[in-house]
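Structure record follows, encoded as structure tokens.
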Amino acid sequence: MIQPARHEAAGAAAPVGRARLAASITARVLDGQAVALHGPRGMGRTTVLDLVAAGLPHAISVRVQRLGTPGHGATLIASAFPAETLDELPERMRAGLLDPRSVTVGDPAVFLGDALTELLTTEAGRAPFVLVVDDAQHLDPLTLAALRTAASRSLGPGALGILLGVGPPEVSTETGFVPGLVAARELQLLHLDLQPLAGADTVEMLTTAGVPTDTALWAHRESGGNPGLAHDVAAAVDAMSPADATRAVRSLVRQRALTLSPPVRATLRRVAAMHQPTTAVLTRLGGADAVDSIRTARALALLVSEDDYVRLTPTALGDVLLESIDSDELVQLHTELAVAADTEALARYHRALAGDPSTTPADLAASAAETAARGEHDLAAQLYLLAADAGTDEWAEWITCCLENAVIGKETRVLHRAVQGAARLTDPGHRVRADLALVELGDVSPDEVLVTALQAAREHPDLQARVLLQRARLLLGTHELRTALELARRSVELAERAGRPDIEVDALTVAASVTRTLGEGGSRELIDSAAALAGTPRPGHVHTSARYIAGRFALHDDDLRRARAEFVDMLASVGPDAGYDTVHVLRSLVEIVSRQGRGREALELAGRATRAATHFDTPVATTWYIEAIAECAGGSFERAAVVSSRGVALAREQEDERYLRRHLAHLGLARLHLDELDEAVEAFRELRAIDAASGIRDVTSLRWHTDAVTALALVGEVDEAADLLAGVRAEIAAGRGAPGVVVAADRAEAEIAAARGDLDRARELVTRSATVAGERRLPIEQARSLVTLAHVERRARRSGRSREAAGRAREVLRPLHAEPWTAWVLARFPEGAALHTLEPEEPDACDPQALLASLTLTEQQVAGLVADGASNREIAQRLHLSVKTVEGTLTRVYRKSGLRSRTQLAALVLGHGPR
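The sequence shown: position 81 = 81 (the UniProt record's numbering), numbered continuously.
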């Protein structure tokens, strides 16, 4: 039986993925605000409340176990206060709070509201505090009314904060539904809904507990990011075979499913039987019962929403529900869904499952072809399978089409049967197509399958071209670039001979990608040739099309307007079920807006990509990479470092060199700007070794080279930095750079010049860098160059010009919502002061208060906790930071203050000045 509440009661001191939320709530309640945190079962609501309460200087905590008699909640709250506070209340108020039944005169709600207000005011008079009430959904109506009155009365800024945890009420025995929480939502509080964990956070949570990564990834998908459910699912399948794991999860959900009320079961059966179920269709079929059922299922962690769609969690719940009804009920269910279907193809699908004799295999195959052309590959796969089940002469073609569409659409429900059917194929054309689909699926040895496919295709140049093209794509992903280029060229020749321009276009596109990655000339000519031959990209293949790669080239060339227009148009044309297309087009848009400094838009697009990836079950390596890009643009470098670190670990485990490179690049970028320079250098050196071994010379895609030069210069490895920069300059000189790369190269060379003491040369280079970045509308690059200029001017003792450059950097960033970059600048130049990473400003030892005032809020908090004797790990737990972030913060504090030890810092904070 699912018992996600265990997770809530036993959460870690710093739960994965909740640090930012906990810090935000802490700041709000300490400021005297009132916050209500809502969440379904297992989402970790209590864990977050306990974490926040533990970090507060003064909190009074209450947990409401059940719905009680009128005023019962007020009594629980009052009983949690110190006896001396209660003793200060007027006797009538004190008695009324401790026994609401004694209130016999006037309106009890008004009386208890006044009494609660007096109680809160009395306690706040002693010291500011926060009232924390968990499971507030059990508060009785009388207490809610009294609490509403008390919460609306201000006690002064920071005197009283209120934090409520609101979970789902118990299922009503009368209606069979979880009641709505209208009364709780009407409280004058800031209402926050606890969101599911991101995939990277679920994986860290579970792998820390010893769960294998593959199981953790699967548990995240099955739980919808609900941490309690993810724990239960992972525990249920611990060290089991796939078959045993399936049975274990079904056993996990069976008892819970069968205790649901009939209306809820009916609605969830519709979800299980529908293709892409939506709330709108479910409501149309079930009316008010469907609305109540969906609310109930969400509250019980049985259903999650993904944009317009809903999905059962775990997936096995659908199988359990459908197995619990007889065949007549199943026929009736599909007949009902056929009537409600929005398209003829979907209606045919349900009519076929209902056994309608008028729906022929040819009809199903025709509908499958139509849906595949629209990009609905998962539905197409199911329709082709139903057609193939008829066993007609077209069986081989239809089972092959089923497999091809199931792989593109990630339709796991039919993949097993499609693979079984494909094993019986004998025709070379069908056999090769099936083999290529199996390679794309990733469940077979590609070398063995492709060799067999090439032998089967020896008399068919078009099939040979397809096999070689697939092999070239795989080698591009593993960075065996020379062989990939040779195979792509052979594929072009075979496709031309066979008169297959579609295959020729794809092969030219791969050749263009490989050529650019190798840093060789001719990539633009190749992609232009492909684009001239290409038609409209097929749905599901947009992310490998000539148009997509041409858009990527525009991005790499810093032609951002053109790239944005192309990808926005592509996004509009991507099929509704083309998961890879959707995710990769969104990824490109995230990169574009990040380079433009549009941090908020980057986070919004990354969120869309994550939801799409979850819905279509696409690899998490991609979504983690997208999240890291967006965090570097609009979130925080701390979060970017966390996500990229997990991405690096996953890529190593899965031997995925492509995403290892990508995550290392953003890990290095984040570490560099967190002043974790040794870690940044380590990441960049590994990346450089990978590129050297693979022959990768492109400097326009990941753009890690100049960041690595900067990090090396800052740690004193100037010769290594200069050697790396020389390679970048060579690519630029050969015409294989981009405006942003030139800007970054000038800035990186300025860092080398500054490290060597040539400040005039550094000033010249970085001034040119900032000017060109402004002209090219690259605001992040412009701000970074202005910060470097401020550092250089500071080292030259030109304080006025240093402050001017820092001020210009802040002005460039001000309208962009580029939060990590703004925070980075402000950390170095608080209130206009110019501080240099290489040569700190001499502190005024006579003015400890001025030194402390120059620190950021986080730096002041860390310094204060050091003075209290806290270790770095204890500080990290208190402030919801990573240990490395605490270490980096202390490094900045030491640099700004000119101090060298924790003892000196503690003395400064305690008012004695540095020793």
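Heads up, the beta-carbon is just placed ideally off N, CA and C, and yes, glycines get one too.
Computed from a predicted structure; not experimentally measured.
- Ranked by Cα distance from GLN470, the first of ASP356, ALA453, PRO428 and GLU459 is ALA453.
- Here the stretch 189-207 makes no contact with the stretch 61-74; the two share fewer than three CB pairs at distances below 8 Å.
- Look at GLU306 here: in three-state DSSP terms it is strand.
- When beta bridges are read from the DSSP output, ALA59 appears opposite VAL130.
- DSSP links THR278 through a beta bridge to TYR309.
- Per the DSSP secondary-structure output, ILE162 pairs in a beta bridge with ALA34 and LEU131.
- THR215 is the residue among ALA534, GLY421, ALA243 and THR215 whose C-alpha sits nearest the C-alpha of ALA230.
- The residues VAL766, SER769, SER785 and THR788, in chain order, have a CB closer than 6 Å to that of ARG747 in the same chain once the five nearest residues on each side in sequence are set aside.
- Contact check between the stretch 726-736 and the stretch 517-537: three or more CB pairs, one atom from each, fall below 8 Å, which counts as touching.
- Between LEU147 and LEU116 a beta carbon distance of about 6 Å is seen, short of the 8 Å cut, so the two are scored as contacting.
- Following the DSSP letters along the chain, one finds HIS615 inside the alpha helix (DSSP H) bounded by residues 599-616.
- Under a 10 Å Cβ-count criterion, THR536 is classified as exposed, with fewer than 16 other Cβ atoms of the shown protein chains found around its own Cβ.
- Judged by DSSP in its simplified three-state form, HIS479 adopts coil rather than helix or strand.
- For ASP326, the three-state secondary structure derived from DSSP is coil.
- Note on the stretch 46-118: whole beta strand (DSSP E) runs with a minimum of 3 residues are 59-63, in chain order.
- VAL741 is positioned such that its CB atom lies no closer than 9 Å to that of ALA722.
- Put simply, the backbone Cα of ALA602 is about 7 Å away from that of GLY634.
- For LEU192, the enclosing beta strand (DSSP E) covers residues 190-193.
- MET570 and SER545 have their C-alpha atoms roughly 11 Å apart.
- Non-local beta-carbon contacts of THR509 in its own chain, meaning distances under 6 Å to residues more than five positions away in sequence, involve ALA530, ALA546 and ILE549 in chain order.
- Straight through space, the alpha carbons of VAL886 and VAL893 are spaced by roughly 10 Å.
- For LEU144, the closest of LEU86, LEU160 and VAL64 by C-alpha to C-alpha distance is VAL64.
- Of the candidates GLY55, MET43 and VAL331, MET43 places its Cα closest to the Cα of PRO196.
- For secondary structure counted as the beta strand (DSSP E) over 3 or more consecutive residues, the stretch 165-253 holds these complete runs in sequence order: 190-193.
- The stretch 17-34 and the stretch 166-176 do not touch, with fewer than three beta-carbon pairs separated by less than 8 Å.
- The shortest CA-to-CA distance from LEU189 to any of ARG658, CYS632, GLN33 and GLU655 is the one to GLN33.
- Of ALA507, SER251, LEU131 and THR343, the smallest CA-CA separation from HIS275 is found for THR343.
- Going by beta carbons, LEU346 and ARG265 fall outside the 9 Å limit.
- By the Cβ criterion, the stretch 813-820 is not in contact with the stretch 622-630, since fewer than three pairs of Cβ atoms, one from each stretch, lie closer than 8 Å.
- The stretch 289-299 makes no contact with the stretch 323-338; the number of CB pairs closer than 8 Å stays below 3.
- Apart from the 5 residues on each side of it in sequence, PHE111 sits with its Cβ closer than 7 Å to the Cβ of GLY96 and VAL103 in its chain, given in chain order.
- Using a Cβ distance threshold of 9 Å, ARG270 and LEU282 count as a contacting pair.
- Looking from the CA of GLY757, the closest CA among ALA726, ALA738, LEU714 and VAL743 belongs to LEU714.
- Our two residues, SER636 and ARG671, have alpha carbons roughly 11 Å apart in a direct line.
- For ASP528 and HIS191, the gap between their C-alpha atoms comes out near 53 Å.
- For ALA36, the CB contacts under 6 Å within the same chain, skipping 5 residues up- and downstream, are LEU164, VAL166, LEU189 and HIS191 in chain order.
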